Amino acid sequence: MTATTAAEPIDGSQASPKVPRVIARKRRTAGSRLKSVIWHLALLAVLVVVLYPAFWVLTASVKPNAEILTSISPIPTSITWEHFASAFDGMAGVPLWRFFWNSFVIAALSVVGIVASCSITAYALGRLEFPGRKAMFAVVIATLLLPGQVMLIPQYLIFSEMDVVNTIFPLVIGKFLGLDAFFVFMYVQFLRGIPRELDQAATIDGAGHFRIFFSIMLPLLRPAIVTSSIFTFIWSWNDFMGPLIYLHEIEKFPMPRLLQSYNNTEAVSNYGGMMAMTLLSLLPVVLFFLVFQKFLIKGIATSGVKG
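In the UniProt record's numbering, the protein residues as written are 1 to 307.
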């Protein structure tokens, strides 16, 4: 007696062949196709408007100076590389790498200061219970409504009395004091999405607040840390007002301050050289953003989620 195979039914009847399941595709109507075309054309138009300034800077950097302001066409009639050659020579005997180094030091110290101070401040305001916590957090948020220009004169007088003008100290010290309310708020919102059971379990095991913060909270804050680092790096690298007020010697200038001085070195402004220098100054920012782009999107998507 032979055993019944899996392909044969128990009652002896022949098994029907398997028919592949066909999923009918929904046909797109002419109206939906037209709407899709219009939508894509509108997006392309917006993309052109957004990217046109960058394209103009790119083409202007290889145009002769006389053609930059006289020709409305973004396409150069003749290409010259002398602007990049003059940009690599630096200014007033100071090489170009020195200006890049000054910008990098300011941006790197700003990133370290923001991550260290704002994360600790947010942990205290978002996870600890103490009298006046909500009032302190409200004061921190209220500082977002205060224009930065209002504080320029008082801050300059304070730093002048401390004899730290013409140094990078005024540009980075505020980052180490948790004065950036935007990032404090972002960290607090991210911490609110972390279950408090983690804190309670660590407390039962005998961990203190410093151990909880550095061993549990800080690793979980990685998306928020990367997000704040990207924004801080870009904002510090592109900051012009602070170096304009506090830095007076050319060898201490970062890249934005150099760009402003680049047009004052000659009787006729060298717009082509400024465009070439602008492109070179944008390279570190673009590379930094491309490397950490996926972390930025994740941090923005999760920083406002509350558990």
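In this text, a Cβ means the ideal position worked out from N, Cα and C, and glycines have one as well.
From a predicted model like this one, the values you see are computed outputs, not experimental measurements.
- [ ] Could you check the C-alpha separation between Phe233 and Phe288 for me, to the nearest Å?
- [x] In the sequence shown, the residue the question calls residue 233 occupies position 233. In the sequence shown, the residue the question calls residue 288 occupies position 288. Whole-angstrom Cα-Cα distance: 8 Å.
Task: Unbroken alpha helix (DSSP H) run spanning Glu249, endpoints - done: As a working mapping, residue 249 is identified with position 249 in the sequence shown. Annotation: Glu249 is outside any alpha helix (DSSP H) and is labelled neither H nor E by DSSP.
- [ ] Check whether the Cβ atoms of Ser86 and Pro254 sit closer than 7 Å, and answer yes or no.
- [x] Taking the first residue of the sequence shown as position 1, residue 86 is located at position 86. Taking the first residue of the sequence shown as position 1, residue 254 is located at position 254. In this structure, Pro254 does not lie closer than 7 Å to Ser86 by Cβ.
Task: Reference His83, options Leu283, Pro131, Val291 and Tyr271, closest by Cα - done: For the purposes of this step, residue 83 is identified with residue 83 of the sequence shown, where counting begins at 1. Here the closest residue by C-alpha is Tyr271.
Open item on the list: Here's the rule I'm using: 16 or more other beta-carbon atoms within 10 Å means buried, otherwise exposed. How should Met241 be labelled?
Closed with: Your numbering for residue 241 matches position 241 in the sequence shown. Under this definition Met241 is an exposed residue.
Task: Anticipated Cβ contact below 8 Å, Leu177 with Ser117, distance rounded - done: The count along the sequence shown starts at 1 and reaches residue 177 at position 177. The count along the sequence shown starts at 1 and reaches residue 117 at position 117. That belief holds up - the Cβ atoms of Leu177 and Ser117 are roughly 6 Å apart, short of 8 Å.
Task: Opposing strand residues paired with Met91 [DSSP bridges] - done: On the sequence shown, residue 91 is found 91 positions in, with the first residue counted as 1. Answer is Val94, bridged to Met91.
Open item on the list: Taking the straight line between their C-alpha atoms, what separation do you get for Gly31 and Ala42?
Closed with: The residue you call residue 31 lines up with position 31 of the sequence shown. The residue you call residue 42 lines up with position 42 of the sequence shown. Each residue's Cα considered, the two are about 17 Å apart.
TODO: Classify Asn166 as helix, strand or coil using the three-state DSSP reduction.
DONE: Counting from 1 along the sequence shown, the entry for residue 166 is found at position 166. Asn166: coil per DSSP, three-state reduction.
- [ ] May I have a chain-ordered list of the alpha helix (DSSP H) segments no shorter than 4 residues that lie completely inside the segment 182–217?
- [x] Within the segment 182–217, the complete alpha helix (DSSP H) runs of at least 4 residues are 197–204 and 209–212.
Open item on the list: Going by DSSP, what residue range makes up the alpha helix (DSSP H) through residue 311?
Closed with: The chain is shown only over 1 to 307; residue 311 falls outside these bounds and no answer can be derived.
Task: Beta-carbon separation (whole angstroms), residue 346 vs Lys175, contact threshold 8 Å - done: Any question about residue 346 goes unanswered here, given that the chain covers just 1 to 307.
Open item on the list: Measuring alpha carbon to alpha carbon, tell me which residue in Ser71, Met186, Phe55 and Tyr246 is nearest Ile114.
Closed with: Numbered from its first residue, the sequence shown carries residue 114 at position 114. Of the listed residues, the one whose Cα sits closest to Ile114 is Met186.
TODO: Determine the direct distance from the alpha carbon of Leu218 to that of Leu198, and round the result to whole angstroms.
DONE: Here residue 198 is taken as the residue at index 198 of the sequence shown, counted from 1. Here residue 218 is taken as the residue at index 218 of the sequence shown, counted from 1. Distance between the alpha carbons of Leu198 and Leu218 is about 13 Å.
- [ ] State the Cα-Cα distance for the pair Val49 and Arg33, rounded to the nearest angstrom.
- [x] Locating residue 49 in the sequence shown gives position 49, where the first residue counts as 1. Locating residue 33 in the sequence shown gives position 33, where the first residue counts as 1. The alpha-carbon atoms of Val49 and Arg33 are separated by roughly 25 Å.
Open item on the list: Nearest by alpha-carbon distance to Leu96: which of Pro256, Gln293, Lys294 and Phe292 is it?
Closed with: On the sequence shown, residue 96 is found 96 positions in, with the first residue counted as 1. The shortest Cα separation from Leu96 among Pro256, Gln293, Lys294 and Phe292 belongs to Pro256.
- [ ] Note down the Cα distance separating Val139 from Thr167, rounded to an integer number of angstroms.
- [x] Here residue 139 refers to the residue found at position 139 when the sequence shown is read from its first residue. Here residue 167 refers to the residue found at position 167 when the sequence shown is read from its first residue. One C-alpha to the other measures close to 30 Å.
Task: Chain-order list of residues whose beta-carbon lies under 6 Å from that of Tyr246 (same chain, five-residue window excluded) - done: As a first step, residue 246 is located in the sequence shown; it is residue number 246 there, counting from the start. Excluding sequence positions up to five before and after Tyr246, its CB lies within less than 6 Å of the CB of Val165 and Pro170, all in the same chain and listed in chain order.
Open item on the list: What does the Cβ neighbour count give for Thr265, buried or exposed, with the cut at 16 atoms within 10 Å?
Closed with: Position 265 of the sequence shown, counting from 1, holds the residue named residue 265. Below a pLDDT of 50, predicted positions are generally treated as unreliable, and Thr265, at 49, falls in that range; no measurement from the model is reported.
- [ ] Check Arg129 in the structure and name its three-state DSSP category.
- [x] Your numbering for residue 129 matches position 129 in the sequence shown. Looking at the sequence shown, residue 129 is not Arg but Glu. In this structure, Glu129 counts as coil in the three-state DSSP scheme.
Open item on the list: Is it buried or exposed, Pro195, if we count other Cβ atoms within 10 angstroms and call 16 or more buried?
Closed with: Taking the first residue of the sequence shown as position 1, residue 195 is located at position 195. Its Cβ having fewer than 16 others within 10 Å, Pro195 is exposed.
Open item on the list: Here's the rule: buried if 16 or more other CB atoms are within 10 angstroms of the residue's CB, otherwise exposed. What is Asp239?
Closed with: Working through the sequence shown from its first residue, we reach residue 239 at position 239. The residue in question, Asp239, is buried, as its Cβ has 16 or more Cβ neighbours within 10 Å.
TODO: Kindly indicate which three-state DSSP category Ser261 falls into: helix, strand or coil?
DONE: Translated into positions along the sequence shown, residue 261 becomes position 261. Residue state, collapsed to three classes: helix.
Task: Distance CB(Ala60)-CB(Ile72) smaller than 7 Å - done: Here residue 60 corresponds to residue number 60 of the sequence shown, with the count starting at 1. Here residue 72 corresponds to residue number 72 of the sequence shown, with the count starting at 1. Contact: no.
TODO: Please report the Cβ distance between Gln106 and Ser215, rounded to the nearest whole angstrom; I am assuming they are in contact, meaning their Cβ atoms lie under 8 Å.
DONE: Mapped onto the sequence shown, residue 106 falls at position 106. Mapped onto the sequence shown, residue 215 falls at position 215. Going by the sequence as given, residue 106 is Ile instead of Gln. Contact doesn't hold; Cβ gap of about 31 Å is too wide.
Open item on the list: Output needed for Leu258: all residues of its chain with C-beta closer than 6 Å, excluding positions within five of it in sequence on either side, in chain order.
Closed with: Here residue 258 corresponds to residue number 258 of the sequence shown, with the count starting at 1. Cβ within range, chain order: Phe99.
Open item on the list: Buried or exposed for Ser78, going by 16 or more other Cβ atoms inside 10 Å?
Closed with: Numbered from its first residue, the sequence shown carries residue 78 at position 78. Exposed is the call here.
Task: Distance, Ser119 Cα to Arg127 Cα - done: Within the sequence shown, the letter at position 127 stands for residue 127. Within the sequence shown, the letter at position 119 stands for residue 119. If you take the alpha carbons of Arg127 and Ser119, they lie about 11 Å apart.
Open item on the list: Please state the DSSP three-state secondary structure of Lys294.
Closed with: Here the question's residue 294 lines up with position 294 in the sequence shown. Correct three-state label for Lys294: helix.
Task: Where the alpha helix (DSSP H) through Thr59 begins and ends - done: For this step, residue 59 is matched to residue 59 along the sequence shown. First-last of the alpha helix (DSSP H) with Thr59: Ala30 to Ala60.
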